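J.: In order, the protein sequence lines correspond to chains D and V.
Under my numbering, think of the first position of the first sequence as 1, with each following residue one higher.
Under my numbering, think of the first position of the second sequence as 143, with each following residue one higher.
2 protein chains.
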Amino acid sequence: MSYPIEKTIHQHIPLSLAMDFHIEKLSRQEILVTAPMQANTNIHGTGFAGSIYALGVLSAWGLIKYCQDEAGLDAELVIAKANIQYKKPIVDEIVCACQLSQNNEQLYLEQLKKHHKAKIILNVSCGKNSEARLEAHMYARL
Amino acid sequence: MSYPIEKTIHQHIPLSLAMDFHIEKLSRQEILVTAPMQANTNIHGTGFAGSIYALGVLSAWGLIKYCQDEAGLDAELVIAKANIQYKKPIVDEIVCACQLSQNNEQLYLEQLKKHHKAKIILNVSCGKNSEARLEAHMYARL
Numbered sequence: 001m002s003y004p005i006e007k008t009i010h011q012h013i014p015l016s017l018a019m020d021f022h023i024e025k026l027s028r029q030e031i032l033v034t035a036p037m038q039a040n041t042n043i044h045g046t047g048f049a050g051s052i053y054a055l056g057v058l059s060a061w062g063l064i065k066y067c068q069d070e071a072g073l074d075a076e077l078v079i080a081k082a083n084i085q086y087k088k089p090i091v092d093e094i095v096c097a098c099q100l101s102q103n104n105e106q107l108y109l110e111q112l113k114k115h116h117k118a119k120i121i122l123n124v125s126c127g128k129n130s131e132a133r134l135e136a137h138m139y140a141r142l
Numbered sequence: 143m144s145y146p147i148e149k150t151i152h153q154h155i156p157l158s159l160a161m162d163f164h165i166e167k168l169s170r171q172e173i174l175v176t177a178p179m180q181a182n183t184n185i186h187g188t189g190f191a192g193s194i195y196a197l198g199v200l201s202a203w204g205l206i207k208y209c210q211d212e213a214g215l216d217a218e219l220v221i222a223k224a225n226i227q228y229k230k231p232i233v234d235e236i237v238c239a240c241q242l243s244q245n246n247e248q249l250y251l252e253q254l255k256k257h258h259k260a261k262i263i264l265n266v267s268c269g270k271n272s273e274a275r276l277e278a279h280m281y282a283r284l
């Protein structure tokens, strides 16, 4: 199954195609993204730090964008700042997972409806064993 | 002019080719990197956050790797953690610039020679008007 938001990302962000980015699972509470090592390798034959980060931000962005779309809110969503820690090299397929509680989703969407802008921080686990962790600060404007 | 380290990066990091990453200037005190908007655009038609970050880490990594090579030190160099702030969208060619003082270069190389490992933090300015700023924490082991 291919999610419409994956097609939108592939159409507008050429790097997502170069990384062979795919959404495996998507609901308003969770996103699971994968990309093969071959397209995302570094000089050591492990996951390239830039790819891991880019896949992580696409995960966070994709999840919140999906929530906005489901709520019928066509808000512009951007990454304002982020930090990432690489604890171990990723040696296999790059998997990114990000969750959002129903409560935080509701708070975010209410903030966006009420003030026509909203902020949210999401944590993304990168690698099958959370080899890297990304914290993405996002900002939306209706 | 094409720098040998650019060829090495292109050969081993497929994403660097996809981003059309090029080193415009390189010395032990400075690196200047460029990539065209077309390959690195996002859904808003401005610089993709993931590309900006990846170009920034390649700048920091490339500068320190070059210093190590010039000093004859074949140390493995990795990004341990990083943070990035996006202040404004990048609307033009993505330019990343990073400097290293001669003093900090010497301290780093001495640390690496003496302890067979070393840490260094570099700041990278991304965009012609520093639209984003990356702080990269790197770690090397001989």
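Ideal Cβ positions, reconstructed from N, Cα and C, are used throughout, including at glycine.
These figures come from a predicted structure and were not determined experimentally.
#1: Is the CB of N265/V under 8 Å away from at least one CB in chain D?
#2: Here's the rule: buried if 16 or more other CB atoms are within 10 angstroms of the residue's CB, otherwise exposed. What is S169/V?
#3: What distance in whole Å lies between the Cβ atoms of V78/D and M138/D, which are believed to be in contact at a cut-off of 8 Å?
#4: Using a Cβ-Cβ cut-off of less than 7 Å, list which residues of the region 247-272 of chain V approach chain D; keep chain order.
#5: Looking only at its own chain, which residues have a Cβ that is under 7 Å from the Cβ of H152/V, when we skip the five neighbours before and after it?
#6: Residues of chain V with CB closer than 8 Å to the CB of T41/D, please, in chain order.
#7: List in chain order: all unbroken alpha helix (DSSP H) runs of 4+ residues lying wholly within the region 11-51 of chain D.
#8: By Cβ distance below 6 Å, which residues in the same chain neighbour Q111/D in space, the five residues on each side in sequence not counted?
#9: Taking I173/V and G204/V to be in contact with their CB atoms under 8 Å, please state how far apart those CB atoms are, rounded to whole angstroms.
#10: With 8 Å set as the bound, which would you pick, yes or no: does the beta-carbon of I221/V sit closer than that to a beta-carbon of chain D?
#11: Where does K88/D land, buried or exposed, given buried means 16+ other C-beta within 10 angstroms?
#12: So is I147/V in contact with chain D if we call contact Cβ pairs under 8 Å?
#13: Tell me where the beta strand (DSSP E) around Y281/V begins and ends.
#14: When the cut-off is 8 Å and only beta carbons count, does Q210/V lie next to chain D?
#15: Is the separation between the beta-carbon of I155/V and that of I13/D shorter than 8 Å?
#16: Under the three-state reduction of DSSP, which class applies to K259/V: helix, strand or coil?
#17: Rank L142/D, L134/D and I94/D by C-alpha distance to the C-alpha of Q38/D and give the top, closest one.
#18: If you draw a straight line from the C-alpha of L107/D to the C-alpha of A80/D, how long is it?
#19: Taking S59/D as the reference, which of H116/D, I23/D, P36/D and P4/D has the closest Cα?
#20: Taking the alpha-carbon positions, what's the V124/D to I5/D distance?
T.: According to the data block:
#1: Translated into the one-based positions of the second sequence, residue 265/V becomes position 123. No, its Cβ sits nowhere closer than 8 Å to a Cβ of chain D.
#2: The sequence position of residue 169/V within the second sequence is 27, counting from 1. With fewer than 16 Cβ atoms within 10 Å of its Cβ, S169/V is classed as exposed.
#3: By 1-based counting over the first sequence, the position of residue 138/D is 138. By 1-based counting over the first sequence, the position of residue 78/D is 78. Indeed, because the Cβ distance is near 7 Å, the residues count as touching under 8 Å.
#4: With the criterion set as a beta carbon lying under 7 Å from some beta carbon of chain D, the region 247-272 of chain V has no members that meet it.
#5: In the second sequence, the residue the question calls residue 152/V occupies position 10. S158 and L159.
#6: Counting from 1 along the first sequence, the entry for residue 41/D is found at position 41. Within 8 Å of the CB of T41/D, the CB atoms of chain V belong to H154, I155 and P156, in sequence order along the chain.
#7: Taken in chain order, the complete alpha helix (DSSP H) segments of 4 or more residues contained in the region 11-51 of chain D are 14-18.
#8: Position 111 of the first sequence, counted from the first residue, corresponds to residue 111/D. Non-local beta-carbon contacts of Q111/D in its own chain, meaning distances under 6 Å to residues more than five positions away in sequence, involve A118 in chain order.
#9: Position 31 of the second sequence, counted from the start, is the residue given in the question as residue 173/V. Position 62 of the second sequence, counted from the start, is the residue given in the question as residue 204/V. With a Cβ gap of about 6 Å, I173/V and G204/V count as contacting.
#10: Your numbering for residue 221/V matches position 79 in the second sequence. Yes, contact with chain D.
#11: Here residue 88/D refers to the residue found at position 88 when the first sequence is read from its first residue. When all chains shown are included, K88/D counts as exposed.
#12: In the second sequence, residue 147/V corresponds to position 5, counting from 1. Taking Cβ atoms only, chain D never reaches closer than 8 Å to I147/V, which makes this a no.
#13: Your numbering for residue 281/V matches position 139 in the second sequence. Membership of Y281/V in the beta strand (DSSP E) is indicated by the continuous run A274 to R283.
#14: Residue 210/V sits at position 68 when you count from the first residue of the second sequence. Under the Cβ distance rule, Q210/V does not count among the residues neighbouring chain D, no pair being separated by less than 8 Å.
#15: Within the second sequence, residue 155/V is the residue found at index 13, counting from 1. Within the first sequence, residue 13/D is the residue found at index 13, counting from 1. At least 8 Å separates the beta-carbon of I155/V from that of I13/D.
#16: Within the second sequence, numbered from 1, the residue matching residue 259/V stands at position 117. When secondary structure is reduced to three states using DSSP, K259/V falls in the strand class.
#17: Start at 1 with the first residue of the first sequence, and residue 38/D comes out as number 38. The residue among L142/D, L134/D and I94/D with its C-alpha nearest the C-alpha of Q38/D is I94/D.
#18: To locate residue 107/D, count along the first sequence from 1; it is residue 107. To locate residue 80/D, count along the first sequence from 1; it is residue 80. Each residue's Cα considered, the two are about 19 Å apart.
#19: Position 59 of the first sequence, counted from the first residue, corresponds to residue 59/D. Of the residues H116/D, I23/D, P36/D and P4/D, the one whose Cα lies closest to the Cα of S59/D is I23/D.
#20: On the first sequence, position 124 is the one that residue 124/D refers to. On the first sequence, position 5 is the one that residue 5/D refers to. A direct Cα-Cα distance of roughly 18 Å separates V124/D from I5/D.
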